[in-house]
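For reference, the structure discussed in these notes is given below.
2 protein chains.
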Amino acid sequence: MHDIAAAAGVSRGTVSRVLNGGYVSATARAAIERAIREVGYVPNTAARNLVMQRSQAIGFIVLEPHSLFLEDPNIGGIMLGANATLSAADYQMVNLVVDSERDTARITRYLNGGFVDGAIIVSARSHDPIIQVVGGLALPSAFVGHPRDLHPEIPYVGIDNLTSAEEITRRLVATGRRRIGMIAAAVDRDSGADRLTGFRQALGPLFDDTLIAEVPLYDFACGAKGMRTLLEREPNIDGVFAASDAVAAGAIEALREAGRNVPADVGVVGFDDSSWATRTRPNLSTVHQPADDIGAQAADMVLRQLRGEQISQRGVLLPSPIVWRASA
Amino acid sequence: MHDIAAAAGVSRGTVSRVLNGGYVSATARAAIERAIREVGYVPNTAARNLVMQRSQAIGFIVLEPHSLFLEDPNIGGIMLGANATLSAADYQMVNLVVDSERDTARITRYLNGGFVDGAIIVSARSHDPIIQVVGGLALPSAFVGHPRDLHPEIPYVGIDNLTSAEEITRRLVATGRRRIGMIAAAVDRDSGADRLTGFRQALGPLFDDTLIAEVPLYDFACGAKGMRTLLEREPNIDGVFAASDAVAAGAIEALREAGRNVPADVGVVGFDDSSWATRTRPNLSTVHQPADDIGAQAADMVLRQLRGEQISQRGVLLPSPIVWRASA
DNA sequence: GTCAGATGTGTGAACGTGCACACACTAGGA
DNA sequence: TCCTAGTGTGTGCACGTTCACACATCTGAC
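Residue numbers (my numbering), protein chains in the order written: chain R, 897 to 1224; chain A, 897 to 1224.
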């Protein structure tokens, strides 16, 4: 900066003003801009961050096992959406996958160190220690999904899992199925719990507790395992609501192995409308989740807090329409 | 830092020395460490980076469409492996997905701005403009994969795609297949081209040019499309080498639709040994690619250059053994 | 008793920026 | 002529570190 001030025949202060706004004469501005182009000057981030007391980075914290991070196209979509919004605002996204205890310690240190100006938190559960750290630091942040029972001052963006689960279940019932089960994944998270509640409410008197197979993760292997459990408990099962598309894909595989035809013998519906949905045969009927938008809006919420805006609403629920294909 | 120097009754210089090494008496060290704990001091990265003239960040540059980044578990595995090594060395990994022209411009600016001290470059092709930028900047970096015709001074880490493709093709031939085709993906990249060459060499006189279906991407949809093309051209096809596991999964789906049994009618082999391999029925025979290790070693190469070490070897090829399951 | 070397410690400058303040010039009104 | 408000510019300090250098103390050998 000193160099280009000299080249343009002005002082550092004037250069700083053309960069950040303020009174500058047209001639001085022109000379400085020319010098910047000629020298190929780029401002030094470290120096700027130092004096501005910020890092110009936002943490993207995923509270999931590494394996799921790889397997779930939904998380990837949210990440890409958030990244696009953030980089347009000249913020850098920093990925933080929290799996083990060691990760927790490292990330806590990272968060405390002022390495990020804000955070987007995916897949939070009430008891996660990271949540306490973020809350305690009063770091501008946003949840993806909405854990109801903690930190009401942190806004969320997500979809209405409960209502969408109700809707698709009703739609499944409308195809004439009567023995309908659910492979419920991740019920320790709000999304998983809501999908289960929606299913139960939509079924009403048709609901049967023995037709719920609980599995830990939203993945293919859990889906296959859950389906086998269900078939064992009730060979006459004719409908299945899988808690995610990956789970549904696993379920379809298990059904095929058991010699059942989808959708003739058993109707299957999923959730997410991820790339899994068009990968299975038949293609999945599912609930569309606008992953890209969710990521973008979460990023936007953090950016607005950073700009000092007051976030009035507690959270945003994006529309999640049903996409009906051939699996039910 | 000034605060804890005061608390411990020493000067800033001494505190810096306990942090970074140097002559410090045992009593001073003890007092300072106690003060650090009590105050909860964390060094300021911006200030440190400013004086050290570095950013303590490494770019992880993926030259692929966003969609593939989501779908390919291999890239995810490499990323996680690199991230683990980098964060152990207190470097932050910064994800940069280059898809559009706009991305290229933004990332070029980013690289020039000194935001990263090094780069790991995945899926490079000769003509990528990003490669020119990295080469011109003499940024410590490493390729994942080995584009032969450019920047010999940048080391690479990968596997021997050619030899592994030869081996698994020979193994497929040994099961008695005679009309063997290949779904060749991404032949504009070194990995894709090498797998095709290996296939051709292993087949020798059995090789038939009409049994090659070229598809653009290593993904499920391309696999299904390629298999349909192959079946159309040669209904009596009895063996298929798919360029990746995702491609193989798509191929198996297309074969099932066409009423062919795997492996009875058609033997299928893949490449990667990603989570796709145990997701198909039957499970895939494939080439194991140590994604985690590849990422870790690439990160290590960059780290070593940063430490000023001379990288003697031009590149590293990791072992990629065949994993034989049920699909052929 | 002096000197050299090893072992510690304090101080000032520098890294590259933003910001507050002081200052200079101009135009217009009293 | 003087004052004021608006417009433009230069200067010094601060941000929180690292590093080189100067300095202090101690030990042992001559």
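For glycine and all other residues, C-beta sits at the position ideal for the given N, C-alpha and C. As the structure is a prediction and not an experimental result, all values here were calculated from the model.
Min CB distance residue i to chain A below 8 Å
| i | result |
| --- | --- |
| R:S983 | yes |
| R:N916 | no |
| R:N1179 | no |
| R:N1008 | yes |
| R:G973 | yes |
| R:E1110 | no |
| R:E1153 | yes |
| R:L976 | yes |
| R:L966 | yes |
| R:F1116 | yes |
Secondary structure of residue i, DSSP reduced to three states
| i | result |
| --- | --- |
| A:V1162 | coil |
| R:V990 | strand |
| R:I1079 | strand |
| A:H1184 | strand |
| R:I974 | helix |
| A:D1084 | coil |
| R:S983 | helix |
| A:G1010 | coil |
| A:V1029 | helix |
| R:F1095 | helix |
| R:E997 | helix |
| R:E1110 | strand |
| A:D1141 | helix |
| R:V935 | helix |
| R:L946 | helix |
| A:I928 | helix |
| A:S912 | helix |
| A:S1037 | strand |
| A:A1154 | coil |
| A:F956 | strand |
| A:G1191 | helix |
| R:V1018 | strand |
| A:A1218 | Looking at the sequence shown, residue 1218 of chain A is not Ala but Ile. A:I1218 falls in the strand class under three-state DSSP. |
| A:G859 | A query on residue 859 of chain A cannot be resolved here, the shown segment of chain A reaching from 897 to 1224 and no further. |
| A:G1204 | coil |
Any C-beta of chain R under 8 Å from that of residue i
| i | result |
| --- | --- |
| A:Q988 | yes |
| A:F1011 | yes |
| A:H962 | yes |
| A:E1149 | yes |
| A:P1025 | no |
| A:G1119 | no |
| A:P865 | The question about residue 865 of chain A has no answer here: the residues shown for chain A are numbered 897 through 1224. |
| A:N1157 | no |
| A:G1122 | no |
| A:R1221 | no |
Burial state of residue i (16 or more Cβ within 10 Å)
| i | result |
| --- | --- |
| A:N1132 | exposed |
| R:S907 | exposed |
| A:P1036 | buried |
| A:T1106 | exposed |
| A:G909 | exposed |
| A:E1049 | exposed |
| R:E962 | Looking at the sequence provided, one finds His at residue 962 of chain R rather than Glu. The residue in question, R:H962, is buried, as its Cβ has 16 or more Cβ neighbours within 10 Å. |
| A:M1197 | buried |
| A:Y919 | exposed |
| A:S1170 | buried |
| R:E1149 | buried |
| A:N991 | buried |
| A:S1208 | exposed |
Near the ligand ZN: residue i beta-carbon under 7 Å from a heavy atom
| i | result |
| --- | --- |
| R:M989 | Among the ligands in the structure shown, none appear at all, so the ligand ZN cannot be discussed. |
Against chain R: residues of the stretch 923 to 954 of chain A by CB proximity under 9 Å: G936, V938, P939, N940, T941, A942, A943, R944, N945, L946, V947, M948, Q949, R950, S951, A953
Quick one, which residues of the stretch 1164 to 1178 of chain R are near chain A if we go by CB-CB under 9 Å, in chain order? Listed by position along the chain: S1170, S1171, T1174, R1175, T1176, R1177.
Near-chain R residues of the stretch 1071 to 1103 of chain A - C-beta to any C-beta below 7 Å: none
If you scan the stretch 1041 to 1074 of chain A from start to end, which runs of the beta strand (DSSP E) of 3 or more residues do you find wholly inside it? 1052 to 1055
Residues of the stretch 991 to 1002 of chain A in Cβ contact with chain R at a cutoff of 8 Å, in chain order, please. N991, V993, R1002
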